[in-house]
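Residue numbers (my numbering): 445 to 840.
Glycine included, each C-beta is placed from N, C-alpha and C at the ideal position.
These notes concern the structure reproduced below.
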Ligand SMILES: Nc1ncnc2c1ncn2[C@@H]1O[C@H](COP(=O)(O)OP(=O)(O)OP(=O)(O)O)[C@@H](O)[C@H]1O
Ligand SMILES: [Mg+2]
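Structure below.
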């Protein structure tokens with residue numbers, strides 16, 4: 445391409461409408477020079493990275509981008525590998541491949557591998573602008589179509605065994621009972637010890653592990669295929685049958701699963717493990733409502749306080765964190781006891797659930813809801829009271 449062409453393109457055809465997106469351009473030094481990008485008015489969100497066609501792209505550069513234009517040199521094996529490795533790690537990242545002398549079979553292969561589009565090298569300014577604008581438009585259209593985002597609700601526990609799964613299963617069931625829209629999904633993310641499905645009498649063959657293993661192939665259909673159905677229409681994604689090391693899970697994949705679930709259902713309830721990992725924190729940060737289940741024991745309150753402090757240190761704080769005092773004895777069911785516990789905790793305790801071990805135990809053993817054992821119980825009413833925190837009306 446001659447210099448005169450740049451001059452022509454520079455003024456008229458360089459209209460880039462990136463909105464809030466940032467585009468990362470990854471080109472070798474030679475192609476960067478050929479592209480003469482210094483001749484055009486570069487929007488701020490256009491990030492340039494000069495790298496050999498097979499050199500690894502630094503993670504922090506990828507993290508900044510919402511679209512990547514990536515040079516691929518098919519004759520260099522490491523170049524295609526670089527692209528594939530990036531697809532694996534960031535399956536949702538839109539990629540435009542930039543290639544020299546692209547032939548049809550290669551273009552077809554790349555499209556099959558998930559690139560959004562292909563642009564020829566040396567890069568022409570007009571073509572670059574046109575293709576980037578087009579992909580941005582496609583992405584905007586997709587976002588507009590997927591506006592539905594179900595409410596994300598996280599159930600946490602101060603320490604193991606305080607009743608988080610009992611709360612999560614019953615809360616999700618109460619929501620499902622009342623829902624007349626897209627339904628409710630309970631996802632058991634207690635990957636090592638999850639037993640939510642068992643509490644509901646289900647022995648799921650498929651689990652969250654199948655969604656984690658599906659990598660980039662995951663979509664709404666696949667998500668629905670691993671769902672087990674509870675009696676009242678509740679959808680449950682069970683914990684794996686085998687223990688999964690929680691830190692081995694790819695955080696991006698978990699986020700993708702949750703986003704898909706939110707697109708499918710009106711409420712997504714998460715039963716989370718006691719141990720924190722970066723992905724559990726991200727999920728809690730993304731939640732509209734958080735329930736932290738604790739008991740009124742010194743040990744449980746101390747741990748609950750530590751959990752709240754950790755959330756606070758991650759800038760997760762505020763009124764959407766609801767502490768639930770579980771297994772509260774009738775004689776303690778007075779404001780004063782909850783008040784002093786709240787003071788010790790440094791957070792209000794506005795929700796509590798009565799203690800009734802024989803009833804809860806019977807429900808779990810039989811794999812049914814508490815309601816099925818006893819139609820009217822204090823615990824059932826206490827759990828119904830949680831719905832107001834989610835903006836869901838109850839009849840009473
Ligand atoms: N309100 C309640 N009254 C009496 N017993 C209860 C109550 N809630 C839960 N339990 C009992 O507490 C035990 C633990 O409950 P659950 O499995 O829901 O807790 P968890 O916090 O999810 O525990 P884990 O750490 O194992 O995941 C169960 O035996 C259950 O029967
Ligand atoms: Mg549990």
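- Item | Straight-line gap, residue 768 to residue 694 (C-alpha atoms, nearest Å) | What you label residue 768 is simply residue 324 of the chain shown in a count that begins at 1. What you label residue 694 is simply residue 250 of the chain shown in a count that begins at 1. Straight-line Cα distance between these residues: approximately 30 Å.
- Considering residue 646, what are the terminal residues of the alpha helix (DSSP H) in which it resides? On the chain shown, residue 646 is found 202 positions in, with the first residue counted as 1. Careful: residue 646 lies outside any alpha helix (DSSP H) and carries neither H nor E.
- What span of residues does the alpha helix (DSSP H) with residue 489 cover, start to end? Working through the chain shown from its first residue, we reach residue 489 at position 45. Note, residue 489: premise wrong, no alpha helix (DSSP H); not H, not E.
- Query: So is residue 712 buried or exposed if we call it buried at 16+ other beta carbons inside 10 Å?
  - Reply: Working through the chain shown from its first residue, we reach residue 712 at position 268. Residue 712 is classed as buried because its beta carbon has at least 16 other beta carbons within 10 Å across all chains shown.
- Would DSSP call residue 595 helix, strand or coil? Counting from one through the chain shown, the residue named residue 595 turns up at place 151. Look at residue 595 here: in three-state DSSP terms it is strand.
- In its own chain, which residues sit with a C-beta less than 7 Å from the C-beta of residue 829, not counting the 5 before and 5 after it? Position 385 of the chain shown holds residue 829. Scanning its chain for C-beta atoms nearer than 7 Å, with the 5 sequence neighbours on each side dropped, one finds around residue 829 the residues 795, in chain order.
- Report, in whole angstroms, the separation of the C-beta atoms of residue 770 and residue 611, which I expect to be a contact under 8 Å. For the purposes of this step, residue 770 is identified with residue 326 of the chain shown, where counting begins at 1. For the purposes of this step, residue 611 is identified with residue 167 of the chain shown, where counting begins at 1. The pair is a contact, with the Cβ atoms about 7 Å apart (cut-off 8 Å).
- Task: Would you mind sorting residue 671 into buried or exposed? The rule is 16 or more other CB atoms within 10 Å of its CB.
- Result: Residue 671 sits at position 227 when you count from the first residue of the chain shown. Burial of residue 671 is indicated by the presence of at least 16 other C-beta atoms within 10 angstroms of its C-beta.
- Residues bridged to residue 629 by DSSP? Mapped onto the chain shown, residue 629 falls at position 185. According to DSSP, which records beta bridges pairwise, residue 629 is partnered with 679 and 712.
- Message: Once DSSP output is grouped into helix, strand and coil, what is the label at residue 455?
- Response: Translated into the one-based positions of the chain shown, residue 455 becomes position 11. Interpretation of residue 455 is limited by its pLDDT of 43, a score under 50 that renders its predicted location unreliable; the figure taken from the coordinates is listed afterwards. Here residue 455 sits in helix by DSSP.
- Task: If I'm right that residue 493 touches residue 501 with Cβ under 8 Å, what's the distance once you round it to whole angstroms?
- Result: Taking the chain shown and counting its residues from 1, one reaches residue 493 at position 49. Taking the chain shown and counting its residues from 1, one reaches residue 501 at position 57. The Cβ separation is near 7 Å, so the contact holds.
- Item | Length at least 3, wholly inside the stretch 553-588: the beta strand (DSSP E) runs in chain order | As far as the stretch 553-588 is concerned, its whole beta strand (DSSP E) runs of at least 3 residues are 561-565.
- Query: DSSP state of residue 495, grouped into three classes?
  - Reply: Counted from its first residue, the chain shown places residue 495 at position 51. Residue 495 falls in the coil class under three-state DSSP.
- Among 660, 739 and 720, which has the Cα closest to the Cα of residue 773? Residue mapping note: residue 773 aligns to position 329 of the chain shown, counting from 1. Residue 773 has its Cα closest to that of 739, out of 660, 739 and 720.
- What's the call for residue 624, buried or exposed, on a 16-neighbour Cβ count within 10 Å? As a working mapping, residue 624 is identified with position 180 in the chain shown. Residue 624 is exposed by the Cβ-count criterion.
- Nearest-angstrom Cα separation, counted from residue 577 out to residue 638: Counting from 1 along the chain shown, the entry for residue 638 is found at position 194. Counting from 1 along the chain shown, the entry for residue 577 is found at position 133. Rounded to whole angstroms, residue 638 and residue 577 show a C-alpha spacing of 45 Å.
- Item | Exposure of residue 802, with buried meaning 16 or more beta-carbon neighbours within 10 Å | Against the chain shown, residue 802 aligns to sequence position 358. By the neighbour-count criterion, in which a residue is buried when 16 or more other Cβ atoms sit within 10 angstroms of its Cβ, residue 802 is exposed.
- Query: Does the Cβ of residue 447 have 16 or more other Cβ atoms within 10 Å, making it buried, or fewer, making it exposed?
  - Reply: Locating residue 447 in the chain shown gives position 3, counting from the first residue. Here the model assigns residue 447 a pLDDT of 38, short of 50, so the residue's position is not dependable and the matter cannot be decided.
- Message: Can you give me the C-alpha to C-alpha distance between residue 761 and residue 615, rounded to a whole angstrom?
- Response: Stepping through the chain shown from its first residue, residue 761 is reached at position 317. Stepping through the chain shown from its first residue, residue 615 is reached at position 171. Going from the Cα of residue 761 to the Cα of residue 615 covers about 22 Å.
- Leaving out five residues before and five after residue 471 in sequence, what residues of the same chain have Cβ atoms less than 6 Å from its Cβ? Here residue 471 refers to the residue found at position 27 when the chain shown is read from its first residue. Around residue 471: 515.
- Query: Measuring from the CB of residue 799, is there a heavy atom of ligand 1 at a distance below 8 Å?
  - Reply: Taking the first residue of the chain shown as 1, we reach residue 799 at position 355. Indeed, a heavy atom of ligand 1 lies less than 8 Å from the Cβ.
- Out of 704, 725 and 633, point me to the one whose CA is closest to residue 665's CA. Numbered from its first residue, the chain shown carries residue 665 at position 221. The residue from 704, 725 and 633 with its alpha-carbon nearest to that of residue 665 is 704.
- Determine the burial state of residue 555: buried for a count of at least 16 other Cβ atoms within 10 Å of its Cβ, exposed for fewer. Within the chain shown, numbered from 1, the residue matching residue 555 stands at position 111. Around the beta carbon of residue 555, a 10 Å sphere encloses fewer than 16 other beta carbons of the protein chains shown; the residue is thus reported as exposed.
- Using DSSP with H/G/I as helix, E/B as strand and the rest coil, what is residue 766? Here residue 766 is taken as the residue at index 322 of the chain shown, counted from 1. Strand at residue 766.
- Task: On a CA-only basis, which of 819, 633, 692 and 617 is nearest residue 676? Give me that one, please.
- Result: Your numbering for residue 676 matches position 232 in the chain shown. The residue with the shortest Cα to Cα distance from residue 676 is 617.
- Go ahead and label residue 724 buried or exposed: buried means 16 or more other beta carbons lie within 10 angstroms of its beta carbon, across all protein chains shown. For the purposes of this step, residue 724 is taken as the residue at position 280 of the chain shown. A buried status is given to residue 724, since no fewer than 16 other beta-carbon atoms sit within 10 Å of its beta-carbon.
- Message: Using CA atoms only, rank isn't needed, just tell me which of 823, 729, 595 and 808 is closest to residue 641.
- Response: Looking up residue 641 in the chain shown gives position 197. Of 823, 729, 595 and 808, the smallest CA-CA separation from residue 641 is found for 808.
- Message: Can you tell me whether residue 688 sits near ligand 1, meaning its C-beta is under 8 Å from at least one heavy atom of the ligand?
- Response: Counting from one through the chain shown, the residue named residue 688 turns up at place 244. No.
- Item | Any non-hydrogen atom of ligand 2 closer than 8 Å to residue 637 Cβ | Position 193 of the chain shown, counted from the first residue, corresponds to residue 637. Yes; taking the cut-off as 8 Å, the Cβ of residue 637 has a heavy atom of ligand 2 nearer than that.
- Query: With a cut-off of 8 Å, do at least 3 Cβ pairs link the stretch 588-608 to the stretch 678-687?
  - Reply: Segments in contact, no.
- Message: Helix, strand or coil for residue 792? Go by DSSP, reduced to three states.
- Response: Stepping through the chain shown from its first residue, residue 792 is reached at position 348. DSSP places residue 792 in coil when its eight states are reduced to three.
- Task: Can you give me the Cβ contacts of residue 453 inside the same chain, cut-off strictly under 6 Å, excluding the 5 residues immediately before and after it?
- Result: Taking the first residue of the chain shown as position 1, residue 453 is located at position 9. At residue 453 the pLDDT is 42, less than 50, meaning the model places this residue with poor confidence and gives no usable figure here.
- Query: CA-CA distance, residue 793 and residue 735?
  - Reply: The residue given as residue 793 occupies position 349 in the chain shown. The residue given as residue 735 occupies position 291 in the chain shown. Rounded to whole angstroms, residue 793 to residue 735 spans 11 Å at the Cα level.
- Item | Residues near residue 701 by beta carbon distance below 6 Å, same chain, minus five either side | Residue numbering aside, residue 701 sits at position 257 when the chain shown is read from its first letter. Same-chain partners within the cutoff: 655.
- Task: Could you tell me whether the Cβ atoms of residue 696 and residue 536 are closer together than 9 Å?
- Result: The residue given as residue 696 occupies position 252 in the chain shown. The residue given as residue 536 occupies position 92 in the chain shown. A Cβ-Cβ contact shorter than 9 Å links residue 696 with residue 536.
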